[in-house]
Each structure stands twice: as C-alpha cells, then as structure tokens.
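Everything on this sheet refers to the single structure shown next.
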Amino acid sequence: MQQHKREEDRRDTSCLICRLIQGELPMYLVCEDPSFVVMLDIHPVNPGHLLVAPKMHVDSFYDVEDALYIPMMLLVKRMSRAIKAVFAPLQVVMATSGVGNRHVHVHVMPVYGLYDVVPKEVIERQEAYTPPNEELVKVAREFAAYLTAQGS
Ligand SMILES: [Zn+2]
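Count the sequence shown with the working numbering and you get residues -6 to 145, in order.
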C-alpha cells in the first residue's frame, strides 16, 4: 500500500507517458513488467521503433535510480534483439534526449541507413569542423580536473 501511494505521488498528470501508462490514452503496448513498459512509438523512424519507459515518472535519464538503470538497459538490449529478429535492419540504435517529453524513455530503433536517425546536415556539419588540437586538449583537461576533484 505504501509502495502504491509512493508510485502515485511520482506520477505527473500532465505527462503524456504517465497518461499512456495509466490507460488514459491509447498505447500500443509491446510488453511490460512491474517497473517498465515497452510501447510502439506512434511516429516511428521505421516500423518497429520502440520506447522503453519506467512506469514511475522520472524527468531525466540521468536521474533514474541506480537500481533501475541496469534492468532498464537490459530491457533495451532485449528489445534490440527482438527488433533485429523481426525486422532484420542494418542496425538497431538507441537514443534518449529529455528535450521533449519529460518522462524518461529510451528509443530503440531499427535503422537501414546512416541518416535514418541523424539528419544528413548534422552529420555533414560535424564532419566539416574538427576543433583545433589545443581546444580538444583544453576540454579533455577540464573534464579530467573535474573528475579528479570529484575523486572519481
Ligand atoms: Zn510521466
């Protein structure tokens, strides 16, 4: 009962994914377990594009509790194998951004070409510019300094 109450407290009634999970909106459910749902993305990059989401509302991928991370990513891995078996794509890729819907969800997508998930102009822009060596060294040193200060 206490657990149930806690789960409800962490629901966001304005959240699309919470509303899908609660059955307030139709969802193309692929499978579920006590902690996660797997559903079809209704705007797929290709057929078989899945969303893996925790049932509990969490705003950011990086705020998911440690104990849920491994089961979530193992489920993503399991779904990638299902996509490979059913659709035989060139590759299965994953993405999570947190820029759009604020409920953690991992896209697991079959892709058949380089530009299925990353627009050609983004790849061309990246390839067109390589920062100078000193800039890359500076960025790497900033991370190293931060991580050393954190003791990690
Ligand atoms: Zn939510």
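Cβ atoms here follow ideal geometry from the backbone N, Cα and C, with glycine treated the same way.
Between ligand 1 and H50, a heavy atom-to-CB distance of less than 7 Å is present.
Non-local C-beta neighbours of D34 in its own chain, meaning closer than 6 Å and more than five positions away in sequence, comprise H42, L44, ordered along the chain. For H96, the shortest C-beta to heavy atom distance toward ligand 1 is below 7 Å.
In this structure, the C-beta of I76 stays at least 7 Å away from each heavy atom of ligand 1. Cβ contact annotation for G16 (same chain, cutoff 8 Å, sequence separation greater than five): none. Between the C-alpha atoms of L107 and A78 there is a straight-line separation of about 20 Å.
Inter-segment contact for the segment 80 to 92 and the segment 23 to 33 is absent: fewer than three beta-carbon pairs are separated by less than 8 Å. With a contact defined as Cβ atoms closer than 8 Å, T89 and V99 qualify at about 5 Å. Rounded to the nearest whole angstrom, the CA to CA distance from K70 to V111 is 21 Å.
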